[in-house]
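Presented below is the structure to which this report refers.
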């Protein structure tokens, strides 16, 4: 069995590939370098490509693999299916904004037009094969398995399976490192492009929760992935309150899971505290679960 992950979201593909190879299976990730250094950290499992060559390189690299595991890039499903028919197992894995709609709002006009051109170019092939729904629905039908990274996404993808986000506990753990606690803040939260951080802070304030919160802006101050454990361990609590498109997300973020692995407590969307990483999120358990799903494909 040879597995190719195409694209990476928040390190998920890289972690899966790393622990799949620990199980004796060849597994690689084809991806573009990122500003957080995630792919560089997992470089032994990554095939780096240039952004402008990503789709072509992904299709060509797929030729020598048995399982093609796509992360968010659902537009590649039909291209793989057209080229390889049913000779490859195609897994489509959603990670959040790709289903919730924020992704479509944030991409550039040029990319939106490019995606529209792809749809128009291949509409005839899809119609001939009986696919008449939306682009996203059609890609899900063409895939052998559809996965989602958090339970709240199950209702947004037809016949999908929930695969817990993996945490690399070889990196994120409670081992003591050379750092001191931040003297000014007892808690931390992360600001990203998709999250309305001010709405989250107001939500906490109006409920009289006594936390002095450091807001780490990863958009303008991208801490390298390898240094994230040391950053998190400066604090006692990770605040995992996230508003996207005006709605409170009812799921745990990957950073919250990493915080639990590092020994922090996490304040979740229910305003409850959790203090231990659930076993289902340990990378080796996620990989074993995923192998079972792979094998379920006839």
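Numbering (our numbering), first residue to last: 218 to 515.
Beta carbons are placed, not taken as given, at the ideal position from N, Cα and C, and that holds for glycine.
Next item on the list: Along the alpha helix (DSSP H) that carries residue 513, what are the first and last residues, could you check?
Entry: Looking up residue 513 in the chain shown gives position 296. First-last of the alpha helix (DSSP H) with residue 513: 500-513.
Check: Which residue from 281, 450, 314 puts its Cα closest to that of residue 393?
Finding: If you number the chain shown from 1, residue 393 lands on position 176. Comparing Cα positions, the closest option is 450.
Check: So, helix, strand or coil for residue 466, using DSSP?
Finding: Position 249 of the chain shown, counted from the start, is the residue given in the question as residue 466. Three-state DSSP puts residue 466 in coil, outside helix and strand.
Notebook entry, point to check: Can you give the Cα-Cα distance for residue 355 and residue 257, rounded to whole angstroms?
Noted result: Position 138 of the chain shown holds residue 355. Position 40 of the chain shown holds residue 257. If you take the alpha carbons of residue 355 and residue 257, they lie about 34 Å apart.
Notebook entry, point to check: Who are the Cβ neighbours of residue 368 in its own chain at under 7 Å, not counting the five residues just before and after it?
Noted result: Start at 1 with the first residue of the chain shown, and residue 368 comes out as number 151. Within the same chain, Cβ atoms closer than 7 Å to the Cβ of residue 368 are found at 379, 468, the five residues on either side in sequence being excluded.
Item checked: Same chain only: Cβ atoms within 8 Å of residue 396, ignoring 5 sequence neighbours per side -> Position 179 of the chain shown, counted from the start, is the residue given in the question as residue 396. Contacts found: 447, 450, 451.
Notebook entry, point to check: Does the stretch 499-507 come close enough to the stretch 437-444 that 3 or more CB-CB pairs lie under 8 Å?
Noted result: Proximity of the stretch 437-444 to the stretch 499-507 falls short of the contact definition, fewer than three beta-carbon pairs being nearer than 8 Å.
Margin query: So within the stretch 418-450, which uninterrupted alpha helix (DSSP H) runs reach at least 4 residues, ignoring any that extend past its ends?
Written below: 445-449
Check: What residues match up with residue 222 in a beta bridge as DSSP calls it?
Finding: In the chain shown, counting from the first residue as 1, residue 222 sits at position 5. Its beta-bridge partners are 246, 286.
Next item on the list: Count the other CB atoms, across all protein chains shown, that sit within 10 Å of the CB of residue 294; report buried if there are 16 or more and exposed otherwise.
Entry: As a first step, residue 294 is located in the chain shown; it is residue number 77 there, counting from the start. Flag for residue 294 reads buried.
Item checked: Proximity winner among 382, 272, 391, relative to residue 232 (alpha-carbon distances) -> Here residue 232 refers to the residue found at position 15 of the chain shown. Closest option to residue 232, Cα to Cα, is 382.
Margin query: Just list the residues that DSSP pairs residue 408 with in beta bridges.
Written below: Here residue 408 refers to the residue found at position 191 of the chain shown. Paired residues: 434.
Notebook entry, point to check: Do you know how far the Cα of residue 312 is from the Cα of residue 371?
Noted result: Within the chain shown, residue 371 is the residue found at index 154, counting from 1. Within the chain shown, residue 312 is the residue found at index 95, counting from 1. Taking the straight line from one Cα to the other gives about 11 Å.
Check: residue 214 and residue 457: beta carbons closer than 8 Å?
Finding: Limits of the chain in this structure are 218 at one end and 515 at the other, which puts residue 214 out of reach.
Next item on the list: Could you check if residue 304 is buried or exposed, using at least 16 other CB atoms within 10 Å of its CB as the buried criterion?
Entry: The residue you call residue 304 lines up with position 87 of the chain shown. Around the beta-carbon of residue 304, fewer than 16 other beta-carbon atoms lie within 10 Å, marking it exposed.
Check: According to the Cβ coordinates, are residue 284 and residue 297 closer than 8 Å?
Finding: Position 67 of the chain shown holds residue 284. Position 80 of the chain shown holds residue 297. Their beta carbons are not under 8 Å apart, which means residue 284 does not touch residue 297 by this criterion.
Next item on the list: Please name the residue in 441, 248, 387, 278 whose C-alpha comes closest to that of residue 236.
Entry: If you number the chain shown from 1, residue 236 lands on position 19. It is 387.
Checklist line | Pick from 455, 255, 366, 249 that is closest to residue 443, judged by C-alpha positions | finding: Against the chain shown, residue 443 aligns to sequence position 226. For residue 443, the nearest C-alpha among the options comes from 255.
Check: Taking the C-alpha atoms as reference points, what is the distance between residue 360 and residue 403?
Finding: Locating residue 360 in the chain shown gives position 143, where the first residue counts as 1. Locating residue 403 in the chain shown gives position 186, where the first residue counts as 1. Near 45 Å, if we compare the C-alpha coordinates of residue 403 and residue 360.
Check: Given that a residue counts as buried once 16 or more other Cβ atoms are within 10 Å of its Cβ, and exposed if not, what is residue 514?
Finding: Taking the first residue of the chain shown as 1, we reach residue 514 at position 297. A residue is called buried once 16 or more other Cβ atoms fall within 10 Å of its Cβ, and residue 514, having fewer, is exposed.
Item checked: Per-residue DSSP class, three states only, for residue 416 -> The count along the chain shown starts at 1 and reaches residue 416 at position 199. Three-state DSSP puts residue 416 in a helix.
Next item on the list: Answer yes or no: do residue 407 and residue 472 have a C-beta to C-beta separation smaller than 8 Å?
Entry: Residue numbering aside, residue 407 sits at position 190 when the chain shown is read from its first letter. Residue numbering aside, residue 472 sits at position 255 when the chain shown is read from its first letter. Closer than 8 Å, so yes.
Next item on the list: Take residue 261 as the anchor and find which of 223, 238, 252 has the nearest alpha-carbon.
Entry: Mapped onto the chain shown, residue 261 falls at position 44. If we check each option's Cα against that of residue 261, 238 comes out closest.
Checklist line | Backbone CA spacing between residue 411 and residue 241 [nearest angstrom] | finding: Within the chain shown, the letter at position 194 stands for residue 411. Within the chain shown, the letter at position 24 stands for residue 241. Cα to Cα, the separation comes out at about 37 Å.
Check: With DSSP run on the structure shown, which of helix, strand or coil describes residue 310?
Finding: Position 93 of the chain shown, counted from the start, is the residue given in the question as residue 310. DSSP places residue 310 in strand when its eight states are reduced to three.
Checklist line | Under 8 Å between C-beta atoms of residue 516 and residue 221 | finding: The requested residue 516 does not occur in the structure, where the chain is confined to residues 218 to 515.
Notebook entry, point to check: Just the Cα atoms here: how many angstroms apart are residue 307 and residue 265?
Noted result: One-based indexing of the chain shown puts residue 307 at position 90. One-based indexing of the chain shown puts residue 265 at position 48. CA-to-CA, the gap between residue 307 and residue 265 works out to about 21 Å.
Notebook entry, point to check: Roughly how many whole angstroms lie between the Cα atoms of residue 224 and residue 287?
Noted result: Numbered from 1 along the chain shown, position 7 holds the residue referred to as residue 224. Numbered from 1 along the chain shown, position 70 holds the residue referred to as residue 287. Cα-Cα distance, rounded: 7 Å.
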